[in-house]
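For the protein sequence lines, the chains are A and B, in the order given.
Number 235 marks the last residue of the first sequence (our numbering); no jumps.
Number 346 marks the last residue of the second sequence (our numbering); no jumps.
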Amino acid sequence: MNVFRLTGDMTHLASILVLLLKIYATKSCSGISLKTQELYALVFLARYLNLFTDFISVYNTVMKLVFIGSSLAIVWCMRMHKMVKRSYDQELDTFRHYFLIAGCFLLALLVNEKFMFPEVLWAFSIYLEAVSTIPQLVLLQRSGNVDNLTGQYVFLLGAYRALYILNWIYRYFTEPHFSRWIACVAGLVQTALYADFFYYYFLSWKNNAKLQLPS
Amino acid sequence: AEEAEKHDEL
């Protein structure tokens, strides 16, 4: 464990807490893409299959349970909770995410570290996470103005993977046989997708103005 | 056999 990865995990946890705060405090999920939440739930389920088979550390197990539990709770809330689901931007959240799932699974069958079921699913979860934010970014562009908590949620979600890239660079130089090129390349794509969001987020912070994404 | 890369990251 290194400082980049720990801050990355804490940033990821913070993004989930901000999202839970927004949904719980405002009883609204306006501006949040249900499709991105469903993709993230799938990412965690596919990636953490080894939850009960490989014990790595208490921290690792606890965080996996938190990520799986919170992502399923958010999807449940947005689909079932009568107050919350009323505020869901159904007509704006129309990105066909099933294509993302199919494409990532096909890619995982072709490009993986070992052609074994757990490894293919792991690669699938890495590729899917890289593109899972697309429905959310599309929704933000369509919905124009973004409330603060939603903006902070998306910012933290993007920042965590950028910190993971620093972690991979650090591990590459400090560990002899470290090679996570699948996660690195996917992580770079994932972070690059946030580039324009980061730019407008920075502008809104610098000018102390409302976060506006050009539609 | 080469141990499958243990995925120790979240």
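Backbone N, C-alpha and C fix where the C-beta goes; we use that ideal spot for every residue, glycine too.
From a predicted model like this one, the values you see are computed outputs, not experimental measurements.
Own chain residues within Cβ distance below 8 angstroms of residue i, not counting five before or after
| i | result |
| --- | --- |
| E338 (chain B) | Note that E338 (chain B) scores 44 on pLDDT, short of 50, meaning its location in the model is unreliable; the coordinates nonetheless yield the value given after this. Counting only Cβ-Cβ distances below 8 angstroms, and skipping sequence neighbours, we find nothing. |
| E133 (chain A) | E139, W142, A143 and I202 |
| V104 (chain A) | I43, K47, S48, C49, C97 and M98 |
| V95 (chain A) | L54, Q57, E58 and A61 |
| N227 (chain A) | none |
Residues bridged to residue i [DSSP beta-bridge criterion]
| i | result |
| --- | --- |
| N168 (chain A) | Answer is none; N168 (chain A) lacks a bridge partner. |
| Q232 (chain A) | A:N165 |
Contact under 8 angstroms by Cβ, residue i with residue j
| i | j | result |
| --- | --- | --- |
| C49 (chain A) | S107 (chain A) | yes |
| K240 (chain A) | N165 (chain A) | Outside the shown range of chain A, which is 21 to 235, sits residue 240 (chain A), and nothing can be said about it. |
| S163 (chain A) | L112 (chain A) | yes |
| Q210 (chain A) | S53 (chain A) | no |
| L33 (chain A) | V82 (chain A) | no |
| D74 (chain A) | K342 (chain B) | yes |
| I154 (chain A) | L120 (chain A) | yes |
| Y220 (chain A) | N22 (chain A) | no |
Residues near residue i in its chain [Cβ-Cβ closer than 6 angstroms; skip 5 each side]
| i | result |
| --- | --- |
| G207 (chain A) | R181, Y184 and I185 |
| Y60 (chain A) | S91 and S152 |
| A179 (chain A) | T31 |
| L127 (chain A) | Y147 |
| L37 (chain A) | none |
| A122 (chain A) | none |
| L1 (chain A) | Nothing about residue 1 (chain A) can be reported from this structure: the residues present for chain A run from 21 to 235 only. |
| E149 (chain A) | V63 |
Sequence-distant residues of its chain with Cβ nearer than 7 angstroms to residue i (five each side left out)
| i | result |
| --- | --- |
| A340 (chain B) | With a pLDDT of 47 at A340 (chain B), under the threshold of 50, the modelled position of that residue is not reliable, and the figure given next carries that caveat. Around A340 (chain B): no qualifying Cβ. |
| Q161 (chain A) | L233 and S235 |
| F125 (chain A) | F144 |
| D344 (chain B) | none |
| message | I want to know whether the stretch 137–146 of chain A touches the stretch 199–210 of chain A - three or more CB-CB distances under 8 angstroms. | response | yes
| query | Given a limit of 8 angstroms on CB to CB distance, which residues of the stretch 81–94 of chain A reach chain B? | reply | M83, K84 and F87
| message | Within 8 angstroms, do at least three Cβ pairs link the stretch 214–229 of chain A to the stretch 68–86 of chain A? | response | no
| query | Are three or more beta carbon pairs between the stretch 24–32 of chain A and the stretch 156–171 of chain A nearer than 8 angstroms? | reply | Output reads no: the stretch 156–171 of chain A does not touch the stretch 24–32 of chain A.
| message | Can you pull out the residues from the stretch 188–216 of chain A whose beta carbon lies closer than 7 angstroms to at least one beta carbon of chain B? | response | none
| said: Taking beta-carbon pairs under 7 angstroms, can you tell me which members of the stretch 21–49 of chain A lie near chain B? | reply: R25 and D29
| request: Check distances from the C-beta atoms of the stretch 96–126 of chain A to those of chain B and list, in chain order, the residues that come in under 8 angstroms. | output: none
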